[in-house]
Amino acid sequence: MYRVLSKIILNRSQIKILEKLHDTLLPMLRILTDRGTEYCGNVEQHDYQFYLAINDIDHTKTKAMSPQTNGICERFHKTILQEFYQVTFRKKFYANVETLQKDLDDFLNYYNNERTHQGKVCNGRTPLETLLSGKPVWNGKNLNQI
Numbered sequence: 744m745y746r747v748l749s750k751i752i753l754n755r756s757q758i759k760i761l762e763k764l765h766d767t768l769l770p771m772l773r774i775l776t777d778r779g780t781e782y783c784g785n786v787e788q789h790d791y792q793f794y795l796a797i798n799d800i801d802h803t804k805t806k807a808m809s810p811q812t813n814g815i816c817e818r819f820h821k822t823i824l825q826e827f828y829q830v831t832f833r834k835k836f837y838a839n840v841e842t843l844q845k846d847l848d849d850f851l852n853y854y855n856n857e858r859t860h861q862g863k864v865c866n867g868r869t870p871l872e873t874l875l876s877g878k879p880v881w882n883g884k885n886l887n888q889i
């Protein structure tokens, strides 16, 4: 069964996050980030850029001052804030990150496998249904290596 993971990170280390994703979950061909200093810099002097280069991962950056460039991700951030964090933190106190992570995993399972999404990509389907249906977004991608 398809499962999307989200990990709550207490220590922001973009390289550790990328290594985990790239090596164990999903081989990446390309990544989209904003232009923050944690993601951008001279390849020879910036650890994140260097990691992408040696792993042959294309790095696309959003336009400056243009959140609509990254609209799907921005919408996800709003949805997870409104449907998970704001609701959950009103109902429950978390004594540790592991319990919060489990609840987040449960929410993401619902989000990806049961919750239908509107818009031109999913068009009333779940993200899993969209992925498995071969929506044109995925056509032409080399997914055989996954």
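Counting from 1 along the sequence shown, just add 743 to a position and that's the residue number in our numbering.
Even for Gly, the Cβ is constructed at its ideal location relative to N, Cα and C.
Note that the structure is a prediction, hence the values are computed from the model and not measured.
Whole-Å CB distance - residue i paired with residue j, under 8 angstroms assumed
i	j	result
Thr-869	Asn-852	Going by Cβ atoms, the distance from Thr-869 to Asn-852 rounds to 11 angstroms, so no, they are not a contact pair.
Thr-831	Asp-849	So it is not a contact: roughly 10 angstroms between Cβ atoms.
Segment limits, alpha helix (DSSP H) that includes residue i
i	result
Ile-797	790 to 797
Pro-810	Where Pro-810 is concerned, there is no enclosing alpha helix (DSSP H), given that its DSSP letter is neither H nor E.
Gly-814	814 to 823
Tyr-853	840 to 856
Exposed unless 16 or more other CB atoms sit within 10 angstroms - verdict on residue i
i	result
His-820	exposed
Leu-772	exposed
Tyr-791	buried
Leu-875	exposed
Leu-795	buried
Nonlocal neighbours in the same chain, by C-beta distance under 8 angstroms from residue i, ignoring five residues either side
i	result
Thr-812	Thr-805 and Lys-806
Cys-816	Leu-775
Residue range of the unbroken beta strand (DSSP E) whose run includes residue i
i	result
Asp-801	801 to 804
Arg-773	773 to 776
Beta carbon of residue i nearer than 9 angstroms to that of residue j
i	j	result
Thr-780	Thr-803	no
Asp-801	Ile-774	yes
Residue-level contact to chain C via CB, residue i, 9 angstroms cutoff
i	result
Phe-850	Although the question refers to chain C, the structure presented lacks it and comprises just one protein chain.
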